[in-house]
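What follows is a single structure, written as structure tokens, with notes after it.
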Amino acid sequence: AGAPESSPALATPSPVKVAAATEKAASVRAPRHSAANANQASPEVEAVSKPRSGPKNKAEPAAAFKAPETKQPVAKTAKPSLEEKNRPAGIERPATVDDLKLISGVGPKIE
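Shown next as structure tokens:
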């Protein structure tokens, strides 16, 4: 039941000071980054010790990421004419203008 962290011996800092050289020697530098080691799957997670395969980066020119629309010259869009055959049929106007009184909260403030 007595965890070492809660031991009364550890409640205060140690009176014994360690030499700076000894403390430096105890500290170890971090290992150099290795892509092969970074991609190794940890054995607790996977029983296989094969490296993970990340996304393969192909060296592509920057033009490969441009949209194909930008490669073509921009055609001048003419203003659509009123007599165009693809134009949808218009809606005829109602006889009376809708004053939107059926919708609550819409309309002039003073009534």
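Position in the sequence shown (from 1) plus 4 gives the number in the working numbering. A virtual CB, placed ideally from N, CA and C, is assigned to each residue, including glycine.
Separation of P8 and A42 (C-alpha to C-alpha, rounded to the nearest whole angstrom) is 34 angstroms.
One Cα belongs to P17, the other to Q44, and the distance between them is close to 40 angstroms. Per DSSP, the unbroken alpha helix (DSSP H) holding A39 starts and ends at 39-42. It is roughly 27 angstroms from the alpha-carbon of G109 to the alpha-carbon of E96.
In the structure shown, P8 falls within a helical segment according to DSSP collapsed to helix, strand and coil. Note on geometry: alpha-carbon atoms of S85 and R91 lie some 9 angstroms from one another.
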